[in-house]
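Residue numbers (the numbering used here): 74 to 426.
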């Protein structure tokens, strides 16, 4: 049996398509666990209606919203004892026909702990503007998939520290239940990056990973760059701490440098967003940046300024000095240079969406 966990929060428009893409699969031995995370729209009524139409659909109605991370673990806690595999599907996404059978076939043939499918990103409400992504990694087999065994941890764990090799999301994957259990993963409560952290905690316990080219998952892309994200820095700081803990726990020192570069880039993105979306005055933003830099983690990130690869990077050099004004000025210059292009992109996306 496969347990398919679907966290639900205010997705009444998309939920029927999501669930029906699962119930229509030719692989029938499944349970679909809908975890309603205290939605404020009519999602719970839709969940109950879908459950009435198919006995394989279970509904868990949470009375307090705790975020998608806790919702997924609620689903895991309510899996059938006979379930051998797990999939996670977001409630505004959907699966392509036959993908579950394909994943199970590869899992059984290869013994892989995870089977990764190709995916399609959907950028508009009608599904017309899309981009397909396949992951050309691993060793080819005679049975039409690729497999990674040797060097899986050493060569690919780096993906969770800012070096994109294997996809870090929970979606578009079939997991062996046993790997979730032996890694003893626990919810973090993160409201951003929770996919990455959950996979990061599992990855050192994998023996093998299979990759198929089949486009099995359709992912609706949200508008994270369409407005300022005030939670970006606090969430990233929390993630940075968890990544540092993982580096220490698994003695994976090669990830220290890219993790710091990633954090530097996040700070730069935050400042550029403030400027692009005219959040506050220059003076108030400089004060805010100064307050952010009080956290000791920026001392560690600022060590990049001593690396020869960043000698000519004005932003990194300002970060090394913890010069909030210089950081703002560097970003102001950069933001002006791409402002018109950004506005044109936004206008096009609004028209097609």
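Glycine included, each C-beta is placed from N, C-alpha and C at the ideal position.
Looking at the DSSP output, residue 213 bridges to 219. Contact between the stretch 345-354 and the stretch 314-321 is absent: fewer than 3 CB-CB pairs across the two stretches fall below 8 Å. With contacts defined as CB atoms closer than 7 Å, residue 76 and residue 156 qualify as a contacting pair.
Comparing alpha carbon positions, the residue from 116, 203, 367, 190 closest to residue 247 is 190.
When secondary structure is reduced to three states using DSSP, residue 338 falls in the helix class. Every unbroken stretch of the alpha helix (DSSP H) spanning 4 or more residues and falling wholly within the stretch 99-157 is given here in chain order: 116-126, 141-150. Boundaries of the alpha helix (DSSP H) around residue 373: 370-374. Under DSSP, residue 312 takes part in no beta bridge, so it has no partner.
Of all C-beta pairs linking the stretch 323-341 to the stretch 232-246, three or more are shorter than 8 Å, placing the two stretches in contact.
Secondary structure of residue 392 (DSSP, three-state): helix.
In the three-state DSSP reduction, residue 236 falls in the coil class, being neither helix nor strand. Only buried fits residue 265, as 16 or more other CB atoms lie within 10 angstroms of its CB. For the options 216, 95, 338, the alpha carbon positioned closest to that of residue 386 is the one of 338. Under the three-state reduction of DSSP, residue 294 is assigned to coil, being neither helix nor strand. Exclusion of the five residues before and after residue 185 leaves 281, 282, 283 as the residues of its chain whose Cβ lies within less than 6 Å of its Cβ. With 16 or more other CB atoms across the displayed protein chains lying within 10 angstroms of its CB, residue 249 is buried.
When 241, 392, 381, 293 are compared, the shortest CA-CA separation from residue 336 is found for 392.
Annotated three-state conformation of residue 229 is helix, per DSSP. When the five nearest sequence neighbours on each side are left out, the beta carbons in the same chain lying within less than 7 Å of the beta carbon of residue 275 are those of 252, 253, 256, 258, in order along the chain. A straight line joining the alpha-carbon of residue 143 with that of residue 161 spans about 13 Å. Looking at the DSSP output, residue 160 bridges to 77, 247. Between residue 404 and residue 366, the alpha-carbon positions lie close to 16 Å from each other. Under DSSP, residue 282 takes part in a beta bridge, and its partners are 187, 221.
DSSP places residue 360 in the uninterrupted alpha helix (DSSP H) bounded by 355-365. Contact between residue 358 and residue 341 does not hold, since their C-beta atoms are separated by about 13 Å, which reaches or exceeds 8 Å. Contact between residue 225 and residue 206 does not hold, since their C-beta atoms are separated by about 21 Å, which reaches or exceeds 8 Å.
In terms of Cβ geometry, residue 108 and residue 164 do not form a close pair [threshold 7 Å].
Within the same chain, Cβ atoms closer than 6 Å to the Cβ of residue 222 are found at 281, the five residues on either side in sequence being excluded.
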